[in-house]
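Peer 1:
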């Protein structure tokens with residue numbers, strides 16, 4: 001990692017890393033399902049590792065321990081002394097919003113959303129990056145639009161009709177099936193593009209004629225379990241997701257029905273989270289929301305090792321009791337279902353606020369903090 005950052009410094013490039021540590025509420029169930037889906041892949045990796053077998057190129061060895069991301073963040077933040085940002089929303093939207101505001105030279109990543117959003121001057125491929133000669137490929141929004149015979153501002157609509165996290169498989173499958181049945185994937189892509197060409201959009205990709213989107217939503221809903229009004233809402237949400245920065249209501253501190261002292265505590269927690277002093281687990285704990293309990297890769301493929309959630313269940317009860325309400329402890333802290341937390345009193349964590357206030361200057365750890373995140377404070 002030191003070499004990685006050095007290579008960019010040597011050519012005059014400052015890297016700002018974004019870490020997707022927070023899962024938006026609407027994505028949590030899907031995220032949990034993907035973690036379970038990865039178990040078989042992880043088990044295969046551990047079997048290879050124990051047998052001292054060499055990994056097969058381009059196979060399942062792209063799966064990393066789930067806690068590794070926190071370790072990487074700590075190395076970047078505290079060892080390399082480089083800037084890293086914890087996301088408060090979808091990480092790609094964090095990057096897009098930052099790149100647009102600061103007119104960034106480029107985004108180095110591997111996500112097609114950056115081609116659709118057209119945020120930075122260049123979208124550079126992480127997959128094709130060569131550190132020896134510092135070359136990579138450019139994914140060109142203009143080139144993509146020209147190939148599809150579209151305008152760049154029509155790409156968010158194109159991505160919406162192709163399907164994405166918002167326009168998911170279940171919503172789109174009946175709409176896509178007749179088009180896919182007609183021919184190869186190339187024909188499918190061109191067919192979707194042809195539906196977008198008549199729709200004029202503004203510079204942010206928002207359609208100018210509402211009736212055209214209503215017509216498309218009716219086509220999609222014809223074979224869907226959703227009515228066209230719901231599909232229309234999803235389509236507009238999908239299109240705007242490439243340009244509008246928003247966070248979950250659970251993090252909108254000003255709208256919370258709590259005291260000013262409690263708001264100060266949560267504001268401090270958000271700031272510390274943004275600067276990678278704390279993880280999303282602590283932030284969610286303070287907000288009394290679902291707490292993410294990740295699992296180390298080493299516990300898989302071992303029948304005699306209990307899941308980390310079982311091992312730490314009693315400890316979590318004590319932690320919730322200590323942080324949320326001094327009168328609650330041990331088993332009284334949580335109900336039988338561990339995800340449901342008994343609401344505690346914020347007064348019991350004022351000492352944490354005092355400790356952080358006196359021991360850490362909010363901007364001290366990163367001189368550029370105020371400049372970099374002036375528009376992102378909650």
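In the UniProt record's numbering, the protein residues as written are 1 to 378. Cβ coordinates follow ideal geometry from the N, Cα and C atoms, glycine included.
(1) Which class does residue 13 belong to by DSSP, given the choice of helix, strand or coil?
(2) Skipping 5 residues on each side, what residues in its chain have a beta carbon closer than 6 Å to that of residue 207?
(3) Could you say which of 76, 287 and 168 lies nearest to residue 406 if we only look at CA atoms?
(4) Using DSSP with H/G/I as helix, E/B as strand and the rest coil, what is residue 84?
(5) For residue 371, count neighbouring Cβ atoms within 10 angstroms of its own Cβ and tell me buried if that reaches 16, exposed if not.
(6) For residue 107, does the three-state DSSP call read helix, strand or coil?
(7) Among the residues of its own chain, which have a CB less than 6 Å from the CB of residue 25, if the five just before and after it don't count?
(8) Does the distance from the C-beta atom of residue 418 to that of residue 231 stay below 8 Å?
(9) Would you say residue 273 and residue 285 are within 8 Å of each other, going by their C-beta atoms?
(10) Does DSSP classify residue 259 as helix, strand or coil?
(11) Which residue's Cα is closest to the Cα of residue 174: 140, 271, 217 and 147?
(12) Take every Cβ of the region 84–97, pair it with every Cβ of the region 11–30, and state whether three or more of those distances are shorter than 8 Å.
(13) Just the C-alpha distance for residue 29 and residue 233, rounded to the nearest angstrom, thanks.
(14) Could you spell out the range, first to last residue, of the alpha helix (DSSP H) harbouring residue 217?
(15) Determine the direct distance from the alpha carbon of residue 181 to that of residue 137, and round the result to whole angstroms.
(16) What first and last residue would you give for the alpha helix (DSSP H) that runs through residue 125?
Peer 2: Inspection of the coordinates gives the following:
(1) Translated into the one-based positions of the chain shown, residue 13 becomes position 13. In the structure shown, residue 13 sits in coil (DSSP, three-state: anything other than H, G, I, E or B).
(2) Residue 207 sits at position 207 when you count from the first residue of the chain shown. Taken in chain order, the residues that qualify are 199, 201 and 213.
(3) This structure cannot speak to residue 406, because the chain is shown only from 1 to 378.
(4) To locate residue 84, count along the chain shown from 1; it is residue 84. It is a strand residue.
(5) As a working mapping, residue 371 is identified with position 371 in the chain shown. The pLDDT assigned to residue 371 is 32, lower than 50, so where the model puts this residue is not dependable; a value taken from the coordinates is nonetheless given after this. Burial call: exposed.
(6) Here residue 107 refers to the residue found at position 107 of the chain shown. Three-state DSSP puts residue 107 in a strand.
(7) Within the chain shown, the letter at position 25 stands for residue 25. In the same chain as residue 25, and ignoring 5 residues on each side of it, the C-beta atoms closer than 6 Å to its own belong to 248, in chain order.
(8) Since the displayed the chain opens at 1 and closes at 378, residue 418 lies outside it and no answer follows.
(9) Along the chain shown, one-based indexing puts residue 273 at 273. Along the chain shown, one-based indexing puts residue 285 at 285. Going by C-beta atoms, residue 273 is not nearer than 8 Å to residue 285.
(10) Numbered from its first residue, the chain shown carries residue 259 at position 259. Three-state DSSP puts residue 259 in coil, outside helix and strand.
(11) Your numbering for residue 174 matches position 174 in the chain shown. Answer by Cα proximity: 217.
(12) yes
(13) Counted from its first residue, the chain shown places residue 29 at position 29. Counted from its first residue, the chain shown places residue 233 at position 233. For residue 29 and residue 233, the gap between their C-alpha atoms comes out near 21 Å.
(14) Locating residue 217 in the chain shown gives position 217, counting from the first residue. Start and end: 210–221.
(15) Numbered from its first residue, the chain shown carries residue 137 at position 137. Numbered from its first residue, the chain shown carries residue 181 at position 181. Taking the straight line from one Cα to the other gives about 33 Å.
(16) The count along the chain shown starts at 1 and reaches residue 125 at position 125. Note, residue 125: premise wrong, no alpha helix (DSSP H); beta strand (DSSP E) at 122–125.
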